[in-house]
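The next block holds one structure in the form of structure tokens; read it before the comments.
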Amino acid sequence: MNKNLLSSIPSVNDILADDLADKIKNQFSRTDLLEAVRKITDDLRNEILSENFDEENFDKNLLNIKNILLNAENYLKKLYQPKMAPAINATGVIIHTNLGRSLLSEKARKAVDNVAKHYSTLEIDRKSGERGHRYASLQEIIKKLTGAEAALVVNNNAAAVTLVLAALAKEREVIISRGELVEIGGSFRIPEVMEQSGCRLVEVGSTNKVYLKDYLNAVSEETGALLKVHTSNYRIMGFTETVKAEELVEYAHKRDIPVIEDLGSGILFDLQDYGLEYEPTVAESISAGIDIVTFSGDKLLGGPQAGIIVGKKKFIEKIEYHPLMRALRVDKFTLAALEATLNIYRNFDKAVETIPTLRMLTEDTEKTKQRAEDLLSKIEEVDKFNFIIEKDTARIGGGAYPLTELDTYVLKISAEEFSPEKIAYLLRQSKMPIFTRINEGQLILDLKTVQPFEIDILADAINDILQEEIIK
């Protein structure tokens, strides 16, 4: 009997000759359709020949040419579907590295769109019509916000540190406190970054204490720079000692040694008025006399991924003309988004309202609670599923504010017959994937990181899952 079914599978030529095939070829190439049809027919053939084949329950309509083509079309749609898709972050981690870190403001998104659909003045002088400076659009605003003499932008902060060290201290010694030898994520560590820059690491002090005399004793004719790394992703507390930037700068400058500081997450304005702990700002480092400061664009700044380098003009010029600079430079989309983001900072009150990362960091908890209530009101009541709104804590993420927890409101979901892992999986399979967290046997949707315009999408996804489970 299986032979009859096998012989019922249409030939590839007959399938491609069908009118529906012509319509599908308007969306996909003939080669792609041919590949998809062969896959569908091969799958049918393998199923029929398998030892566990159940002929009685086999749907013979699957052998119909139209159905084969429809299945081939669905296969191609999934194949062509972008693997990087928009997602809803309901984890409560604001700067979530795996979910793309900071969201861009509306102005930044529009800026990217403008340079995407038009040619742009990326590297051309409007007055002379001659070649211009790629970073001209950013120089003035960065200088204004940080107090630095000059600035550059590369594709991330690790690249910024690598480039700075390569340009200023290659084949020379760079002195750093042992307590600042951080791992920056993805198993990349400061010593490895320094090695790739061609400089030699000299550790001073102990894990929890370092004194100015430690730096003094380590300085030699081979010293190319002193490096400070802000431990933004962890804290050493208790019996500790560190050297103030001003002290380090005063000593280093007497010996013509540049001082470099990696601020990591980087922050432009103090957020203590919003209940957050103190974090050193870029302007404070520049004011302390640090020669070169590097920081990220897509963390606390709330912009696109970038490594921003600011500092003394003589050092910035040397860095700019290093061969690595061209390899690490950013494109027009990053520059457009970054310029738009930085321009919002001219009015910090406006920045807090319109830059998503800052808004989430400083938002009144009652607004978060309101989103939780709005979401719950849109979810259908279903037996076996329980929903409850509770106060909880969210995290900042992005290697910033490691000790800080933010008040938030969450929607907790529990079900008699479904594990939280199963519900989390189903939400991730939604048309727009939804990422959550699980705690004490309950699925948690943290509204701190859910945007107001995502509430309806989130509610629809939950309702779809509820309906599917009821039908089952």
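Just add 15 to the spot in the sequence shown (first one is 1) and you have my numbering.
Quick reminder that beta carbons are idealized off the backbone N, C-alpha and C, glycines included.
{"Check": "C-alpha distance - F402 paired with I109, whole-angstrom precision", "Outcome": "23 Å"}
{"Check": "Spatial neighbours of I472 in its chain, beta-carbon cut-off 7 Å, leaving aside the 5 residues before and after", "Outcome": "I103 and M447"}
{"Check": "Through-space distance from S143 to H245, alpha-carbon basis", "Outcome": "43 Å"}
{"Check": "N- and C-terminal bounds of the beta strand (DSSP E) containing D3", "Outcome": "The structure shown does not extend to residue 3, since the chain is modelled only from 16 to 487, so the question has no answer here."}
{"Check": "Segment contact flag, the stretch 427–439 with the stretch 400–415, C-beta cutoff 8 Å, min 3 pairs", "Outcome": "yes"}
{"Check": "Enclosing beta strand (DSSP E) for L242 [first to last residue]", "Outcome": "T238 to V244"}
{"Check": "Nearest-angstrom Cα separation, counted from D479 out to L390", "Outcome": "14 Å"}
{"Check": "In DSSP terms, what F402 is bridged to", "Outcome": "I428"}
{"Check": "Whole-angstrom C-beta distance between D277 and S117, which should lie under 8 Å", "Outcome": "Contact doesn't hold; Cβ gap of about 19 Å is too wide."}
{"Check": "Nonlocal neighbours in the same chain, by C-beta distance under 7 Å from H111, ignoring five residues either side", "Outcome": "N104 and G412"}
{"Check": "Residues bridged to Q457 [DSSP beta-bridge criterion]", "Outcome": "N454"}
{"Check": "As assigned by DSSP and simplified to three states, the class of L84", "Outcome": "helix"}
{"Check": "Status (buried if at least 16 other CB within 10 Å, exposed otherwise) for M209", "Outcome": "buried"}
{"Check": "Residues near E256 by beta carbon distance below 7 Å, same chain, minus five either side", "Outcome": "K224, V225 and Y226"}
{"Check": "Neighbourhood of D34 by C-beta, 7 Å cutoff - its chain only, sequence neighbours within 5 removed", "Outcome": "none"}
{"Check": "6 Å CB neighbourhood of A115 in its chain, flanking five on each side removed", "Outcome": "The identity of residue 115 in the sequence shown is Gly, whereas the question assumes Ala. Here the set comprises nothing."}
{"Check": "Complete runs of the alpha helix (DSSP H) confined to the stretch 272–353 [at least 4 residues]", "Outcome": "297–302, 328–335 and 339–343"}
{"Check": "Residue span of the alpha helix (DSSP H) that contains R215, given as start and end", "Outcome": "Looking at the DSSP string, R215 is not in any alpha helix (DSSP H); the run it does join, the beta strand (DSSP E), is R215 to V219."}
{"Check": "CB of K81 within 9 Å of CB of A355, strictly", "Outcome": "no"}
{"Check": "Three-state secondary structure (DSSP) of S152", "Outcome": "helix"}
{"Check": "Proximity below 9 Å, CB of A32 to CB of F43", "Outcome": "no"}
{"Check": "Distance between L462 and E539 (C-alpha atoms, nearest Å)", "Outcome": "Missing from the structure shown is residue 539; the chain here goes from 16 to 487 and no further."}
{"Check": "T331, buried or exposed, once every other Cβ within 10 Å from all chains shown has been counted against 16", "Outcome": "For the sequence presented, residue 331 should be read as Ile rather than Thr. Buried: at least 16 other Cβ atoms inside 10 Å."}
{"Check": "When K437, E265, V168 and S235 are compared against R187, the one with the closest alpha-carbon", "Outcome": "S235"}
{"Check": "Beta-carbon proximity list for A182, same chain, < 6 Å, skipping 5 on both sides", "Outcome": "K333, I334 and H337"}
{"Check": "For I103, three-class secondary structure by DSSP", "Outcome": "strand"}
{"Check": "Backbone CA spacing between V258 and E378 [nearest angstrom]", "Outcome": "34 Å"}
{"Check": "9 Å Cβ cutoff met for G326 and V264", "Outcome": "no"}
{"Check": "Contact the stretch 336–351 vs the stretch 289–302: 3+ CB pairs below 8 Å", "Outcome": "no"}
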